[in-house]
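Taking it in order: structure first as structure tokens, then the write-up.
There are 2 protein chains.
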Amino acid sequence: MKNPKVLIVDDEKNIRDLLEAGLKFAGFSVYSVGTGTEAVTVAEKAKPDIMILDVMLPDQSGFSVTKKLRSMNIDLPVLFLSARDDRGDKVTGLTVGGDDYMTKPFSIDEVIARIQAILRRTKKQDVEDSIIEVGEIKINQDAHEVFVNGTEIELSPTEYKLLRFLMANANRVMSKDQILDHVWEYDFNGEQGIVESYVSYLRKKIDPLSKNQLIQTKRGVGYIFRVAKSEE
Amino acid sequence: MKNPKVLIVDDEKNIRDLLEAGLKFAGFSVYSVGTGTEAVTVAEKAKPDIMILDVMLPDQSGFSVTKKLRSMNIDLPVLFLSARDDRGDKVTGLTVGGDDYMTKPFSIDEVIARIQAILRRTKKQDVEDSIIEVGEIKINQDAHEVFVNGTEIELSPTEYKLLRFLMANANRVMSKDQILDHVWEYDFNGEQGIVESYVSYLRKKIDPLSKNQLIQTKRGVGYIFRVAKSEE
DNA sequence: AGGAAACACTCAGGCAACCTTAAGGTTTTC
DNA sequence: GAAAACCTTAAGGTTGCCTGAGTGTTTCCT
Numbered sequence: 039m040k041n042p043k044v045l046i047v048d049d050e051k052n053i054r055d056l057l058e059a060g061l062k063f064a065g066f067s068v069y070s071v072g073t074g075t076e077a078v079t080v081a082e083k084a085k086p087d088i089m090i091l092d093v094m095l096p097d098q099s100g101f102s103v104t105k106k107l108r109s110m111n112i113d114l115p116v117l118f119l120s121a122r123d124d125r126g127d128k129v130t131g132l133t134v135g136g137d138d139y140m141t142k143p144f145s146i147d148e149v150i151a152r153i154q155a156i157l158r159r160t161k162k163q164d165v166e167d168s169i170i171e172v173g174e175i176k177i178n179q180d181a182h183e184v185f186v187n188g189t190e191i192e193l194s195p196t197e198y199k200l201l202r203f204l205m206a207n208a209n210r211v212m213s214k215d216q217i218l219d220h221v222w223e224y225d226f227n228g229e230q231g232i233v234e235s236y237v238s239y240l241r242k243k244i245d246p247l248s249k250n251q252l253i254q255t256k257r258g259v260g261y262i263f264r265v266a267k268s269e270e
Numbered sequence: 039m040k041n042p043k044v045l046i047v048d049d050e051k052n053i054r055d056l057l058e059a060g061l062k063f064a065g066f067s068v069y070s071v072g073t074g075t076e077a078v079t080v081a082e083k084a085k086p087d088i089m090i091l092d093v094m095l096p097d098q099s100g101f102s103v104t105k106k107l108r109s110m111n112i113d114l115p116v117l118f119l120s121a122r123d124d125r126g127d128k129v130t131g132l133t134v135g136g137d138d139y140m141t142k143p144f145s146i147d148e149v150i151a152r153i154q155a156i157l158r159r160t161k162k163q164d165v166e167d168s169i170i171e172v173g174e175i176k177i178n179q180d181a182h183e184v185f186v187n188g189t190e191i192e193l194s195p196t197e198y199k200l201l202r203f204l205m206a207n208a209n210r211v212m213s214k215d216q217i218l219d220h221v222w223e224y225d226f227n228g229e230q231g232i233v234e235s236y237v238s239y240l241r242k243k244i245d246p247l248s249k250n251q252l253i254q255t256k257r258g259v260g261y262i263f264r265v266a267k268s269e270e
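Line by line, the protein sequences give chains A and B.
For what it's worth, this note's numbering labels the leading residue of the first sequence as 39, then goes sequentially.
For what it's worth, this note's numbering labels the leading residue of the second sequence as 39, then goes sequentially.
So this is what it looks like as structure tokens:
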């Protein structure tokens, strides 16, 4: 199947829209509802491949939605969303098979990565491979490992997400605003300076092991992960 | 499809007219409205391929327009416009997915370049290629790179825009006023002298690597990017 | 042809924006 | 309670933008 179908269930419309825009662009077919009741209806009719489910819904808890679906023999993997500090919820949510769990606020690219990871695990879809390799760098997303010319380097979570984003958009300049929108959590309110800082951290770890300056600055424009400059 | 359709949404008529003229000339079919309500109507009926949307509209915010459209399952990429210094408006999610973001005042040719970049990325249209090659010079728009006979040169943003404009109109004289109108921001209030300065900067970087004088002066008329002079 | 006027080119300088790096404080994690 | 990760801030250097002045070049008029 070419376009995996995602059902988004969240009562905050802003969040739904954000997820919808990001997921559509990433190649998913998107259904989006605001209540648990609708979720059950759409899940039955549209037969999505995966569901993004807020655990705090106005009409019923997210878990009761999954129970209802299982009782109807509709079996689909779930990416749970919850507000931070719901530690209690986490345990319950994770008891079942291929599911995963994220806290709000999230970064949009992280959601996409998790969804692809779940689909990969449940093996029902053609999804992006777990391994991204661009030029001298190879990332294993499942293992969270990064290799520069075969040597592993340790990256902090933010560094990792930044690198993954730049590599996913290799050979294309990304503005600092774009980077903020994709890599940082959606409610992040800081300035672009933080992107500059993290690019600096990344370079410090990557450059000693690479032949070329892989992350290049385009002054006044943004940053670019650059390979294969001469011929294309 | 030959002529991509653009929907312009802005309450300032001046801006609408400016965009409309520029985009029509660039080969787009243009629809232009002044309110969010109209935008929704036209987007539904005319099915444009992309929308240019001011985030500050009189009747509703630009974001609510995109939300409404998404809830109606009308999915089109957006180039957001906003006034500079709208720190408050800087809501995350602006550039999520295939969308992009520009601040006013802009240069008209930069808008066209961004629109083509978005359409290229969303792959729904036959648009100009990312690479412009005229004579001895090759520009990679995605990477913001410029090569003269295979050697890369570094250009500042303004130099880059000026060169792109001259190359897009190769073998045709462009007056200094035309250049100001297309390359500089629409509210730029300076003199033509600045064009002379920037042509000078460009030549200093280009000429050492080129066999011919690529940017030529037409006294009393303007400048021309000249190739294939012998036969025509 | 001579000279004035218009046009064009280059350069230096002031200011603003941008980039990098480092240091320190806060939050999170174990 | 210590370590790691994260964010902010600021200093300092660099680059980019624009202006204005000085010089060079062409055109045009007498």
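Ideal Cβ placement from N, Cα and C applies to all residues, glycine included.
Keep in mind that this is a model prediction, so the values were computed, not measured.
Beta-carbon separation (whole angstroms), Leu247(B) vs Thr196(B), contact threshold 8 Å: So it is not a contact: roughly 20 Å between Cβ atoms.
Contact list for Leu56(A) against chain B, beta-carbon separation under 7 Å: Gly131 and Val134
Environment of Val259(B) [buried if 16+ CB atoms lie within 10 Å]: exposed
At least three beta-carbon pairs within less than 8 Å, the region 82-100 of chain B to the region 146-163 of chain B: yes
Rounded straight-line distance, which links the Cα of Phe144(A) to that of Arg54(A): 13 Å
Start-to-end residues for the beta strand (DSSP E) that takes in Ala121(B): Val116 to Ala121
First through last residue of the beta strand (DSSP E) which encompasses Phe263(A): Gly260 to Phe263
Any non-hydrogen atom of the ligand FMN closer than 7 Å to Val221(A) Cβ: The ligand FMN is absent from the structure shown, which contains no ligands of any kind.
C-alpha distance - Glu148(B) paired with Thr141(B), whole-angstrom precision: 11 Å
Chain-order list of residues whose beta-carbon lies under 8 Å from that of Asp245(B) (same chain, five-residue window excluded): Gln251 and Leu252
Residue environment, Ser70(B), which counts as buried when at least 16 other CB atoms sit within 10 Å: buried
Gln154(A) - containing alpha helix (DSSP H), residue span: Ile146 to Thr160
Lys256(A) vs Val211(A) beta-carbon contact at 8 Å: yes
Short Cβ contact (8 Å threshold) for Ile146(A) with Val68(B): no
Beta-carbon contacts of Phe118(B) that lie in its chain and below 6 Å, excluding the five residues immediately before and after: Leu91, Val93, Leu132 and Tyr139
Alpha carbon of Val116(B) to alpha carbon of Tyr239(B), nearest angstrom: 35 Å
Cβ of His182(B) within 8 Å of any chain A Cβ: yes
Rounded straight-line distance, which links the Cα of Ala77(A) to that of Ala77(B): 30 Å
Exposed unless 16 or more other CB atoms sit within 10 angstroms - verdict on Arg202(A): buried
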